[in-house]
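Novice:
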Ligand SMILES: NC(=O)c1ccc[n+]([C@@H]2O[C@H](COP(=O)([O-])OP(=O)(O)OC[C@H]3O[C@@H](n4cnc5c(N)ncnc54)[C@H](OP(=O)(O)O)[C@@H]3O)[C@@H](O)[C@H]2O)c1
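In my numbering, the protein residues as written are 2 to 245.
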């Protein structure tokens, strides 16, 4: 077993974009970070970048579409540390063929649900025994404003025309994971919250987002490092609470 003093964090989909920035900032704040990525080369290159900055970061192979990698990731953390303090469920896709409800491809909807929802549920279930071992733990589900049913139905919302049924429904489902798991874990020291990072310039949107990556990461970092008496079962952005 290695030193239990540093907070241990796992960030999925952390080889680039918002996840990489979250891994970078958690490591800079003193956490030991497992940088989760599905591709070995991309993951190792990203981890090496942060190691060169003097950070305590280790690449952890984890593909949300492959249960075997999720089980192996659990076993690696369990063997070396026996617990986990922070889980940032960041990995996500916005698939080709997604779009308007009248015409988007069923395959695109299925892919979005498999990664953004089912994969995240699988990682969360696998890591829960480790999170239960922490003195206080935080799960952050990286959702999206597009997953808000209230905003999606508001004709005055600035992004109301962005209709991607598979992506939005998978993020709404992810929010249900937050609500139900927060309820189930009420009374434990584990907090579960959803974050809408905001429209951020990354590969996900061909860098059309209007925010910088550090801006997109800010609310995720805040919730990952919540004080022990912080909230659970919330959906928020850097601007405050987001309606479900
Ligand atoms: N950018 C925005 O405007 C925005 C807005 C709202 C919410 N979000 C959410 O923020 C999160 C991060 O997105 P981003 O904008 O940073 O996008 P990104 O740059 O495309 O990064 C997505 C990350 O997820 C990983 N990933 C995809 N499928 C995976 C799988 N099956 N298993 C493991 N990792 C997988 C990618 O790995 P590869 O490099 O191997 O593909 C990549 O590391 C996502 O959940 C996204 O839905 C983003």
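For each residue, glycine too, the CB sits at the ideal point set by N, CA and C.
Predicted model, so just to flag it, every value in this text is computed and none were measured.
Does the beta-carbon of residue 6 have 16 or more other beta-carbons within 10 angstroms, so that it is buried, or is it exposed?
Specialist: That one is exposed.
Novice: To the nearest angstrom, report how far apart residue 126 and residue 151 are at their CA atoms.
Specialist: Taking the straight line joining both Cα atoms gives about 28 Å.
Novice: What do you get for residue 184, buried or exposed, if any count of 16 or more other CB atoms within 10 angstroms of its CB means buried?
Specialist: Exposed, since its Cβ has fewer than 16 Cβ neighbours within 10 Å.
Novice: Is the Cβ-Cβ distance between residue 220 and residue 196 less than 8 Å?
Specialist: Yes, they are a contact pair.
Novice: Would you mind listing the beta strand (DSSP E) stretches within the stretch 49-95 that are 3+ residues and don't spill past its ends, in chain order?
Specialist: With a minimum length of 3 residues, the continuous beta strand (DSSP E) runs that stay inside the stretch 49-95 are 58-62 and 87-90.
Novice: Enumerate in chain order the residues of its own chain whose CB-to-CB distance from residue 2 is below 8 Å, with the five nearest sequence positions on each side excluded.
Specialist: Since pLDDT at residue 2 reaches only 47, below the 50 mark, its modelled position is unreliable, and the value read off the structure follows with that caveat. These residues qualify, in order along the chain: 81, 82 and 83.
Novice: Three or more beta-carbon pairs under 8 Å between the stretch 10-20 and the stretch 87-95, yes or no?
Specialist: In short, these stretches touch, since the Cβ pair count reaches three.
Novice: Could you check if residue 71 is buried or exposed, using at least 16 other CB atoms within 10 Å of its CB as the buried criterion?
Specialist: Looking at its Cβ environment, which holds 16 or more other Cβ atoms inside 10 Å, residue 71 is buried.
Novice: In whole angstroms, what is the alpha-carbon distance linking residue 162 and residue 136?
Specialist: Taking the straight line joining both Cα atoms gives about 44 Å.
Novice: Is it buried or exposed, residue 198, if we count other Cβ atoms within 10 angstroms and call 16 or more buried?
Specialist: Residue 198 should be labelled buried.
Novice: Could you tell me whether the Cβ atoms of residue 232 and residue 192 are closer together than 8 Å?
Specialist: In contact: residue 232 and residue 192 (Cβ atoms closer than 8 Å).
Novice: Do you know whose CA, among 212, 170, 32 and 60, lies nearest residue 154's CA?
Specialist: Closest option to residue 154, Cα to Cα, is 170.
Novice: If I measure Cβ to Cβ from residue 174 and keep anything under 6 Å in the same chain, skipping five residues before and after, which residues do I get?
Specialist: Taken in chain order, the residues that qualify are 118.
Novice: Skipping 5 residues on each side, what residues in its chain have a beta carbon closer than 7 Å to that of residue 226?
Specialist: Hits under 7 Å: 30.
Novice: Using only the alpha-carbon positions, how far apart do residue 65 and residue 224 sit?
Specialist: Those two C-alpha atoms are separated by around 22 Å.
Novice: Output the boundary residues of the alpha helix (DSSP H) element that contains residue 21.
Specialist: From DSSP, the alpha helix (DSSP H) with residue 21 extends over 18-29.
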